[in-house]
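Asker: One line per chain: the protein sequences are A and B, in this order. According to the UniProt record's numbering, the stretch in the first sequence is residues 1 to 358, in order. According to the UniProt record's numbering, the stretch in the second sequence is residues 1 to 358, in order. Cβ atoms here follow ideal geometry from the backbone N, Cα and C, with glycine treated the same way. I'd like to ask some things about the structure below.
2 protein chains.
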Amino acid sequence: MQTLNVDLADRSYPIFIGTDLFRAEHLTPYIKGNQVLIVSNETVAPLYLDPLKSALPSVQVDEVILPDGEQYKTLGQLSAVYDRLLECRHNRTTTLIALGGGVVGDMTGFAAACYQRGVNFIQIPTTLLSQVDSSVGGKTGVNHPLGKNMIGAFHQPQVVLASVDVLATLPDRELSAGLAEVIKYGLVYDKPFLDWLEENMSGLVGRDTALLSHAIYRSCELKAEVVAQDEKESGVRALLNLGHTFGHAIESCQGYGNWLHGEAVAAGTVMAADLSARLGWISTADVQRVVRIMQAANLPVEAPQGMTADEFMTLMAVDKKVIDGQLRLVLLQELGHAVVTDQFDPQLLQQTLTHFTA
Amino acid sequence: MQTLNVDLADRSYPIFIGTDLFRAEHLTPYIKGNQVLIVSNETVAPLYLDPLKSALPSVQVDEVILPDGEQYKTLGQLSAVYDRLLECRHNRTTTLIALGGGVVGDMTGFAAACYQRGVNFIQIPTTLLSQVDSSVGGKTGVNHPLGKNMIGAFHQPQVVLASVDVLATLPDRELSAGLAEVIKYGLVYDKPFLDWLEENMSGLVGRDTALLSHAIYRSCELKAEVVAQDEKESGVRALLNLGHTFGHAIESCQGYGNWLHGEAVAAGTVMAADLSARLGWISTADVQRVVRIMQAANLPVEAPQGMTADEFMTLMAVDKKVIDGQLRLVLLQELGHAVVTDQFDPQLLQQTLTHFTA
């Protein structure tokens, strides 16, 4: 087992990464009161709820099982968590445990942020995506029909258990979606890590435990460095959104849940690379490298069939990266180095959108 | 006009108290972007929306008008605010303005806390209660059918305009409800202020502008001192909840909106005083003083007809002041000095409940 400390002053917390993590010693020190609510979903609960419960100390344990899918990441479903907390009389010292992927993690974290104006929570991410993404950063929230993650809060967990064991039951598509975010870390911050990923992609797709552990550790480490510098996303943290503005437009247009978040980010990252090449920042050979590594991870590299350039423009205009009407994008200055910018010729963006929607 | 600074490091803000406050100079410096959403209700908007709009700088101004009443302080109504923000494409630099009483202020503040994980907001409280209570402290949130203010966040405004002018249109019952909170400040922290209130209660009930201004200023000043010491309510701030545990039970039992919050707090404060006397901390003459000043402010001093001791116990058990199953109450050590305690004989609490529900 490896331990990574996310350094955020009085909100610092550890991430445990490895196998055989569902043990009392990894949970008990992080439960302050005598009440726990486990939030999980219909897919994950049958597999991992019992192992988790048997690792908990003897406190009041309640549970709420949500439907599985991004389309259920709503204020309405969030109400179900509050209903359960209040029916079971959970007080301010309660601890919420998120057992599931990004949707469960984001909703549980947001429920914890707002229940009685803030209670503790523990994250047990069960997808590769959530292990490398929502494990670090404290972003929580729900979607709105007009935009993804539009309602939320920053709220840090007490501890994160990133178990490589649970990835054994993860569907192939979900594994690939997680790899999209891992590749993103390499593209944005770390060329040597990108090289390592290119070399080891077949082993990662084949779920080699040691390779996955390293990929998770390095991804979380990179994200933790960035979040420590910029907890509330005013600066460098925004780079983590490479591919996300295009990707959110894809998810929003397709209806949440049809394209996986990581799939949308993969296609969006290729689009961001394309625009970066049109700006003359990276070469077309670099764009091809981005395309090839995404393909090696079994990820889409094109926009959804039938989606138009106008739909992209409309949906990108509601993205959180719009400041005073000006669209800002994360683009690649070189492989391993991204920048946030609103300094691009809108015609080049139009060319990228036309290229991917023709 | 008087200015009170609420000192909270980088979240500090001014409260302007006085007449003729709807002026650009009090608003423009606190609006950072070029978008504003005014949140108001059906009662207040017809009176004060136009004067407010004419004082705003030339930015995009949208509005959402909610139904009036505590029963509408729900997650469902909160959705209407998010819908409007997204329909009108408000971005992260938007400013929400709460124009209304405590319900509007709490909901607007909570919407601002969670919209895109936090945007700015301005409070224009239009009731005496909200001017002396929710103006200071940053508590925001909504109710749940099983408990009041159970879902919320701490989020500080950029500025508060506490206009004495707008109290001219306030119904008598609402004025009295505000005075209940003013009296509470005297009882909890400041005996000389309590004496001043006893002397001037008829002038306050008669809406004397100078007396009301002083009462608002001193109340906000006392609350600001406490909040500056204890922003997240781990210690001294809890004393502000004198009468609130009993009061919340009353509100919850009657259905939100039937008893005004201040009315429930008034009766709850008398109950807390009664229990304090049973504990031998204050005299029965002190209890009578509490009863008399509440009566002078035209406030209820008894529990609602028909409410039972069992109902009180059940509803008080879900109060946020319960820690690990132990009920904590704010009680009076003497007039002008309150304490939070779980050290009381449960039989004496039972006697108080029996006395008020017989």
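Would you mind working out which of Thr140(B), Ile122(B), Asn41(B), Leu299(B) sits nearest cysteine 114(B), comparing C-alpha positions?
Answerer: Considering only alpha carbons, the answer is Thr140(B).
Asker: Just to confirm my understanding: we take alanine 338(A), look at its own chain, exclude 5 residues before and 5 after, and list those with CB closer than 8 angstroms. What are they?
Answerer: If you ignore the 5 residues before and after alanine 338(A), its C-beta comes within less than 8 angstroms of the C-beta of Leu187, Val188, Tyr189, Leu239, Leu242, Val330, Leu331, Leu332, all in its own chain and listed in chain order.
Asker: If distances are taken between C-alpha atoms only, which option among Val61(A), Phe356(A), Asn200(A), Thr28(A) comes closest to histidine 90(A)?
Answerer: The shortest C-alpha separation from histidine 90(A) is found at Val61(A).
Asker: If you draw a straight line from the C-alpha of arginine 17(A) to the C-alpha of histidine 248(A), how long is it?
Answerer: Residue 17(A) is actually isoleucine in this sequence, not arginine. Approximately 29 angstroms, taken between the alpha carbons.
Asker: In three-state terms, what does DSSP make of serine 134(B)?
Answerer: coil
Asker: Check the Cβ of histidine 144(B) against every Cβ in chain A and list those closer than 7 angstroms, keeping chain order.
Answerer: Tyr82, Leu86
Asker: Within a Cβ cutoff of 8 angstroms, which residues of the same chain sit near leucine 99(A), ignoring the five residues on either side of it in sequence?
Answerer: The beta carbon of leucine 99(A) sits closer than 8 angstroms to those of Ile38, Val39, Ser40, Val44, Ala45, Tyr48, Leu49, Leu52, Ile124, Thr126, all from its chain and outside the five residues before and after it, given in chain order.
Asker: Determine the DSSP secondary structure at leucine 47(B), reduced to helix, strand or coil.
Answerer: helix
Asker: If I measure Cβ to Cβ from histidine 26(B) and keep anything under 8 angstroms in the same chain, skipping five residues before and after, which residues do I get?
Answerer: Phe16, Ala55, Val159, Leu161
Asker: Which class does phenylalanine 344(B) belong to by DSSP, given the choice of helix, strand or coil?
Answerer: coil
Asker: In the DSSP assignment, find the unbroken beta strand (DSSP E) run with glutamine 35(A) in it and report its ends.
Answerer: 35–41
Asker: Just tell me which of Glu334(B), Leu349(B), Tyr13(B), Ser219(B) has its CA closest to the CA of arginine 328(B).
Answerer: The shortest C-alpha separation from arginine 328(B) is found at Leu349(B).
Asker: Quick check: alanine 64(A) and valine 36(A), are their CB atoms within less than 9 angstroms of each other?
Answerer: In the sequence under discussion, the amino acid at residue 64(A) is valine, which differs from the alanine named in the question. Result no, Cβ atoms of valine 64(A) and valine 36(A) do not sit closer than 9 angstroms.
Asker: So which of Asp7(A), Pro145(A), Asp83(A) has the shortest CA-CA distance to glycine 147(B)?
Answerer: Asp83(A)
Asker: Taking only three categories from DSSP, how would you classify threonine 354(A)?
Answerer: Assigned with DSSP and collapsed to three states, threonine 354(A) falls in helix.
Asker: How about the region 209–221 of chain A and the region 300–312 of chain A: do they share at least three Cβ pairs that are nearer than 8 angstroms?
Answerer: no
Asker: How would you call aspartate 7(A), buried or exposed, if buried means at least 16 neighbouring beta carbons within 10 angstroms?
Answerer: Aspartate 7(A) is exposed by the Cβ-count criterion.
Asker: Any idea which residues DSSP pairs asparagine 120(A) with across the strands?
Answerer: Residue pairing by DSSP places asparagine 120(A) opposite Thr95(A) in a beta bridge.
Asker: On the DSSP bridge assignment, give the partners of glutamine 60(B) in chain order.
Answerer: BP columns for glutamine 60(B) point to Gln35(B).
Asker: Considering only the beta carbon of each residue, do leucine 129(B) and leucine 260(B) sit closer than 9 angstroms?
Answerer: yes
Asker: One question on the structure: do leucine 335(B) and isoleucine 282(B) come within less than 9 angstroms of each other, judged by their Cβ atoms?
Answerer: Taking 9 angstroms as the Cβ cut-off, leucine 335(B) and isoleucine 282(B) qualify as a contacting pair.
Asker: What number of angstroms, rounded off, separates the C-alpha of glycine 69(B) from the C-alpha of serine 134(B)?
Answerer: Glycine 69(B) and serine 134(B): Cα-Cα distance of roughly 16 angstroms.
Asker: Spell out the partners DSSP gives threonine 245(B) in its beta bridges.
Answerer: For threonine 245(B), which the question treats as bridged, DSSP gives no partner whatsoever.
Asker: If contact means a Cβ-Cβ distance below 9 angstroms, which residues of the region 116–128 of chain A contact chain B?
Answerer: Against chain B - using a Cβ distance shorter than 9 angstroms - the residues of the region 116–128 of chain A are Gln116, Arg117, Gly118.
Asker: Please check the pair lysine 73(A) and asparagine 143(A), which I expect to be a contact at CB under 8 angstroms, by giving their CB distance rounded to whole angstroms.
Answerer: 5 angstroms
Asker: Comparing alpha-carbon positions, which option in Phe154(B), Glu221(B), Leu204(B), Ala112(B) lies nearest asparagine 5(B)?
Answerer: Glu221(B)
Asker: Beta carbon of serine 202(B), beta carbon of alanine 266(B): below 9 angstroms?
Answerer: no
Asker: Hey, which unbroken runs of the alpha helix (DSSP H) at 4 residues or more fall wholly within the region 197–229 of chain A?
Answerer: For secondary structure counted as the alpha helix (DSSP H) over 4 or more consecutive residues, the region 197–229 of chain A holds these complete runs in sequence order: 209–229.
Asker: According to DSSP, is glycine 262(A) helix, strand or coil?
Answerer: helix
Asker: List the DSSP bridge partners of isoleucine 151(A).
Answerer: Val142(A), Tyr115(B)
Asker: Would you mind reading off the limits of the beta strand (DSSP E) that contains isoleucine 15(B)?
Answerer: Looking at the DSSP string, the run of the beta strand (DSSP E) that includes isoleucine 15(B) is 13–18.
Asker: Going by the CB atoms, is the gap between threonine 245(A) and alanine 224(A) shorter than 9 angstroms?
Answerer: No. Outside cutoff.
Asker: Could you tell me the distance, in whole angstroms, from the CA atom of isoleucine 31(B) to the CA atom of threonine 341(B)?
Answerer: 42 angstroms
Asker: Determine the closest residue to methionine 1(B) out of Met107(B), Tyr217(B), Ser252(B), Gln295(B), with distance taken between C-alpha atoms.
Answerer: Nearest neighbour of methionine 1(B) by Cα position, chosen from Met107(B), Tyr217(B), Ser252(B), Gln295(B), turns out to be Tyr217(B).
Asker: When you compare the CB of methionine 316(A) with every CB in chain B, is at least one pair closer than 9 angstroms?
Answerer: no
Asker: Using beta carbons (cut-off 9 angstroms, strictly below), is glycine 186(B) in contact with chain A?
Answerer: no
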